[in-house]
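One structure below.
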Amino acid sequence: MSRPLVQRVAAYAVIVRDGRILLSRIAERIAQGEMWTLPGGGLERGEEPRAAVVREVHEETGLRATVGERARVYTFHQPAAWRDGRRVDVWSVRMVYDAWVPVDAPAPHVVEVDGSTVEAAWQPLADVLDGTLPVTALVREALADHEAARHQRVAAYALARRGDAVLLTRISARGAHPGSWTLPGGGIDHGEQPRRALHRELREECGVEAEVGEVLEVHDVHFTGTAPTGRREDFHGVHLVFSATVAPDARPEVGEVDGTTDAAAWVPLADIESGAVPVLDVVRAALDADARRG
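Mapped onto this note's numbering, the consecutive letters of the sequence shown carry residue numbers 1 to 294.
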C-alpha cells in the first residue's frame with residue numbers, strides 16, 4: 001500500500017560569525033538523539049520565504065535576523081517519514097538564505113516552547129566540519145556552498161598633521177579592528193564627490209573643518225571578517241588618502257554617536273613609531289607617502 005504523498009516547503013538561515021555558526025538542536029523525540037540543524041522551518045500558507053526565516057530564527061534562537069536577497073535551494077526525500085501518527089512519503093524543498101544578527105545580540109535561547117527545537121547555540125565551525133558535532137545533512141550542504149558576502153568600499157581619508165602629531169580616530173567595538181587607531185574618514189556615498197565626503201566625515205568623526213589638499217596615496221586592504229552589521233563579509237577597501245589642514249586651535253571631538261568611531265585625538269608620531277598606539281596600515285602608508293612628497 002502506497003503512503004500518502006506530502007510536499008513541504010521550508011526556509012532556513014546560515015548565520016556564520018567569527019568561526020562559529022548559529023544552530024538549533026532538534027528535540028530528541030524527533031531526531032532520536034542529539035542532532036543540530038540550521039534555524040528555520042516550514043512556510044505558513046501565503047508567507048514570504050524571507051519573512052518565514054525571520055520568524056523561525058526568532059522562535060528558535062530569540063534573535064532578530066536580517067536576511068539576504070538570494071537563496072540556495074536543496075531537496076530531500078523521506079519515503080517513510082513519521083507525520084501526525086502515520087507514515088508518509090515526504091518531498092522537502094528547502095531554501096537556505098544568508099543571514100546575520102547584530103554584533104551586540106544577546107545569547108541565543110529558544111522562544112517557542114513545545115516546538116521541534118529545544119536549544120540554540122553558537123557552535124564552533126571546526127566541530128561541525130570535522131564531525132565532532134552531530135548535524136543534519138542540510139547543515140553540511142549549506143556550509144559547502146556558503147561564501148562570505150563580497151563588499152567593496154571606496155573611502156576617503158585625511159592625513160592632517162600638527163607639529164609632531166597626527167589627527168587620528170579610534171575604532172569602536174562596532175567596527176573591524178576595535179581599539180586600533182586610523183585616519184579620519186570613511187565611505188564615499190554613491191554619487192558623492194570624494195572631497196565632500198571627506199569634509200562630511202571629518203565633521204562626523206572629529207567635529208572639525210579642514211582644507212582638503214591633494215591625493216597622497218591610494219591604499220587598499222582585503223580581509224574576511226564581521227561587518228558592523230554583524231554580517232560575515234569578504235571585504236575590499238580602497239582608500240583615497242588626501243592631505244588636509246586643520247585649524248591650529250581645533251579640538252577633535254566625535255560628533256557621531258554609536259558609530260564605528262569612539263575617540264578622536266592628536267597622536268604623537270613617536271607613539272605611532274614605537275607601537276605604543278596601535279594603528280592600521282593606512283596610517284603608516286599615508287605617513288610614508290607624505291615623507292616621500294616632502
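Note that CB positions come from ideal geometry on N, CA and C, so glycine has one too.
None of the values given here were measured: they were computed from a predicted structure.
| Check | Outcome |
| --- | --- |
| Cβ distance (whole Å) where residue 44 is taken to contact residue 151 below 8 Å | Actually they are not in contact, since the Cβ atoms of residue 44 and residue 151 sit about 33 Å apart, beyond 8 Å. |
| Segment contact flag, the stretch 34 to 43 with the stretch 12 to 26, C-beta cutoff 8 Å, min 3 pairs | yes |
| Beta-carbon proximity of residue 244 to residue 210, cut-off 8 Å | yes |
| CB contact flag (residue 14, residue 59, <8 Å) | no |
| Spatially closest choice to residue 67 from 73, 96, 87 and 78, by CA coordinates | 96 |
| Opening and closing residue of the alpha helix (DSSP H) in which residue 137 lies | 137 to 145 |
| Exposure label - residue 82; buried when at least 16 CB within 10 Å | exposed |
| DSSP three-state assignment for residue 105, whether helix, strand or coil | coil |
| Best match in 257, 225, 169 and 294 for proximity to residue 280 [C-alpha to C-alpha] | 169 |
| contact_flag[the stretch 214 to 221, the stretch 134 to 143] where n(CB pairs < 8 Å) is 3 or more | no |
| Inter-residue spacing [alpha-carbon to alpha-carbon] between residue 132 and residue 175 | 32 Å |
| Alpha-carbon to alpha-carbon, residue 187 and residue 237 | 9 Å |
| In DSSP terms, what residue 222 is bridged to | 236 |
| Burial state of residue 142, where buried means 16 or more other Cβ atoms lie within 10 Å | buried |
| Three-state secondary structure (DSSP) of residue 11 | strand |
| Straight-line gap, residue 194 to residue 252 (C-alpha atoms, nearest Å) | 21 Å |
| At least 3 beta-carbon pairs within less than 8 Å: the stretch 195 to 208 vs the stretch 68 to 77 | no |
| Short Cβ contact (8 Å threshold) for residue 80 with residue 3 | yes |
| Neighbourhood of residue 5 by C-beta distance below 7 Å, restricted to the same chain and skipping five residues each side | 89 |
| 4 or more residues per run - each alpha helix (DSSP H) lying fully within the stretch 13 to 72 | 28 to 31 and 49 to 61 |
| Reference residue 179, options 290, 278 and 55, closest by Cα | 278 |
| Residue 167, enclosing beta strand (DSSP E) - first and last residue | 165 to 171 |
| Beta-carbon proximity of residue 242 to residue 173, cut-off 8 Å | no |
| Residue 75 burial status per 10 Å Cβ neighbour count (16 or more: buried) | exposed |
| Nearest candidate by alpha-carbon position, reference residue 183, set 191, 189, 190 and 171 | 171 |
| Option in 127, 108, 42 and 126 with minimal Cα separation from residue 118 | 108 |
| Residue closest to residue 230, alpha-carbon to alpha-carbon, out of 265, 276, 247 and 16 | 16 |
| Whole-angstrom distance between residue 164 and residue 147, CA atom to CA atom | 44 Å |
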